[in-house]
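Peer 1: Sequential numbering of the sequence shown, starting at 52, is according to the working numbering. Idealized CB from N, CA, C, for every residue including glycine. Can you read through this structure? Questions will come right after.
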Amino acid sequence: MMRLPRFLYRVPTSLDEAAKILAGEGPQAMLLAGGTDLLPNMKRRQQVPRTLVALRGVEELRRTSNGKGLRLGAGLTLTDVVRSDIAREAYPGLWKAAAQVATPHLRNMATLGGNLCLDTRCTYYDQNYEWRKAIGFCMKKDGETCWVAPSSSRCLAVSSTDTAPALISLGARVRLVGADGEREVAVADLYRNDGIEYIARKPGEILAEVLLDDADGWRSTYWKLRRRGAFDFPVLSVAAALKLAADGTVQQARVVLGAVASQPMLSADAAERLVGDKLTDGAIADAASAAIKLAKPMDNTDFTLHWRKRVASEFVGYALRELRGDDVTELRSRLCRTSF
Ligand SMILES: Cc1cc2nc3c(=O)[nH]c(=O)nc-3n(C[C@H](O)[C@H](O)[C@H](O)COP(=O)(O)OP(=O)(O)OC[C@H]3O[C@@H](n4cnc5c(N)ncnc54)[C@H](O)[C@@H]3O)c2cc1C
Ligand code: SF4
Numbered sequence: 052m053m054r055l056p057r058f059l060y061r062v063p064t065s066l067d068e069a070a071k072i073l074a075g076e077g078p079q080a081m082l083l084a085g086g087t088d089l090l091p092n093m094k095r096r097q098q099v100p101r102t103l104v105a106l107r108g109v110e111e112l113r114r115t116s117n118g119k120g121l122r123l124g125a126g127l128t129l130t131d132v133v134r135s136d137i138a139r140e141a142y143p144g145l146w147k148a149a150a151q152v153a154t155p156h157l158r159n160m161a162t163l164g165g166n167l168c169l170d171t172r173c174t175y176y177d178q179n180y181e182w183r184k185a186i187g188f189c190m191k192k193d194g195e196t197c198w199v200a201p202s203s204s205r206c207l208a209v210s211s212t213d214t215a216p217a218l219i220s221l222g223a224r225v226r227l228v229g230a231d232g233e234r235e236v237a238v239a240d241l242y243r244n245d246g247i248e249y250i251a252r253k254p255g256e257i258l259a260e261v262l263l264d265d266a267d268g269w270r271s272t273y274w275k276l277r278r279r280g281a282f283d284f285p286v287l288s289v290a291a292a293l294k295l296a297a298d299g300t301v302q303q304a305r306v307v308l309g310a311v312a313s314q315p316m317l318s319a320d321a322a323e324r325l326v327g328d329k330l331t332d333g334a335i336a337d338a339a340s341a342a343i344k345l346a347k348p349m350d351n352t353d354f355t356l357h358w359r360k361r362v363a364s365e366f367v368g369y370a371l372r373e374l375r376g377d378d379v380t381e382l383r384s385r386l387c388r389t390s391f
């Protein structure tokens, strides 16, 4: 049985108190939300914080408000997001992403903030301590070599969060709160293409809220490739959002690939090719071939990397065809084993 290492457990009841504890404890402390990623990581000794600052007692992190746009507290569970009618109707890309994270049990515990701050993944890292020790560990934790690309100077572990690509496609921002103040950051700027330093959040900052602009005129969707339909991390995902004029001309576009690098990849090139035209088959194929230039899958997740690269273009096409209004129900059910 894998046991948790020893740690101090702090239970603040306000955001302000949580930020002060975090600042006082320094980099040896980590935030604990649903614990569905962090606690298994601690059991495998991938992350060994001296102190856990639990966020479950912070009521203000579980607030939702809508007026012009939507504000979602980072402490809302993914089940809360899935049960939100506004999320489902106005931000279907986010709703579909949240609904496909893990299993219903995990979504009952897992939070939106935890999903956005999720550690990167790799076949050589997501193993128990003894397994990793047997290969001399790796650069991401306790070792020096990257077993995926031994000549690489950086870790290439994969960003596997489902909600981040969706939120980037929706142009969302996050509010980060620290003991010294707060700031807003576009979700698109929250990540770095580095498997170790994958998030631009400072160690003393708490992701407090997700801020979404009014979705009027926007359509959005999310497609996820995984081995098991019941639950699995994405090995490729496509989040797309389009603002269409009344005659179907694309006015604004965002196409994001997930699980193909250490951060979600927003394709400016695909957007450029879509804007100003109608969603013809040719325009969709053109945008798909532009988007997949960003897909640089490595041999460190499920499925072969060449196949994952090849299907990326098809998945971008399916997402854009869905946004055009094509009936993709059968395709989605066959490939993603979901009915939405
Ligand atoms: C079997 C299994 C399947 C899974 N499948 C998927 C999947 O398909 N897709 C997917 O995306 N994930 C998946 N996960 C991972 C995980 O369950 C989710 O990503 C979940 O949303 C993490 O949220 P949490 O609240 O449990 O985070 P935690 O485990 O509590 O924390 C995760 C990280 O975020 C940090 N953190 C948490 N909250 C905040 C905050 N407010 N501000 C700053 N930092 C914070 C923590 O310090 C930690 O580093 C799976 C996990 C398991 C065990
Ligand atoms: S990509 Fe390399 S350094 Fe990063 S976790 Fe995998 S093996 Fe380790």
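With distances taken from CA atoms, which of Ala291, Asn351 and Met349 is nearest Ala322?
Peer 2: Ranked by Cα distance from Ala322, the options Ala291, Asn351 and Met349 are led by Ala291.
Peer 1: What span of residues does the beta strand (DSSP E) with Ala290 cover, start to end?
Peer 2: Leu287 to Leu295
Peer 1: The alpha helix (DSSP H) with Glu392 in it runs from where to where?
Peer 2: Nothing in the structure corresponds to residue 392, since the chain is present only between 52 and 391.
Peer 1: For Thr272, I'd like the list of residues in its chain whose CB is within less than 7 Å of its CB, leaving aside the five on either flank, ordered along the chain.
Peer 2: Pro143, Gly144, Lys147, Ala291, Ala370, Glu373 and Leu374
Peer 1: Going by alpha carbons, who is nearest to Lys275 out of Asp298, Ala266 and Val311?
Peer 2: Val311
Peer 1: Kindly list the residues whose CB is nearer than 6 Å to the CB of Asn351, restricted to its own chain and excluding five residues on each side of it in sequence; keep chain order.
Peer 2: Cys173, Thr174 and Val199
Peer 1: With DSSP as the reference, identify every bridge partner of Tyr273, one or two as the case may be.
Peer 2: Ala290
Peer 1: If you follow the alpha helix (DSSP H) that Glu110 is in, where does it begin and where does it stop?
Peer 2: Glu110 -> no alpha helix (DSSP H), and no H or E assigned at all.
Peer 1: Pull up the distance between the alpha-carbon of Met190 and that of Asn117, whole angstroms please.
Peer 2: Cα to Cα, the separation comes out at about 43 Å.
Peer 1: Looking at the secondary structure, which residues open and close the alpha helix (DSSP H) in which Val133 lies?
Peer 2: Leu129 to Arg134
Peer 1: Would you identify the three-state DSSP class for Glu76, choosing helix, strand or coil?
Peer 2: If DSSP states are grouped into helix, strand and coil, Glu76 belongs with the helices.
Peer 1: Hey, would you say Ala153 sits closer than 7 Å to Val132, going by beta carbons?
Peer 2: no
Peer 1: Which residues in the same chain as Leu356 place their Cβ atom closer than 7 Å to its Cβ, once the five residues preceding and following it in sequence are excluded?
Peer 2: Pro348, Met349 and Asp350
Peer 1: Tell me, to the nearest whole angstrom, how far the beta carbon of Ser318 is from that of Leu308; I am working on the premise that it is less than 8 Å.
Peer 2: 7 Å
Peer 1: Can you tell me where the beta strand (DSSP E) with Gly118 in it begins and where it stops?
Peer 2: Thr115 to Gly118
Peer 1: Start and end of the beta strand (DSSP E) containing Gly229?
Peer 2: Arg224 to Gly229
Peer 1: Is it the case that the CB of Ala266 approaches a heavy atom of ligand 1 more closely than 6 Å?
Peer 2: Checking every heavy atom of ligand 1 against the Cβ of Ala266, none is found closer than 6 Å.
Peer 1: Exposed or buried, Asp170, counting other C-beta atoms within 10 Å across all chains shown (16 or more means buried)?
Peer 2: Classification of Asp170: buried, given that the 10 Å Cβ count is 16 or more.
Peer 1: Please tell me whether, using a cut-off of 6 Å, the distance from the CB of Leu207 to the nearest non-hydrogen atom of ligand 2 is below it.
Peer 2: yes
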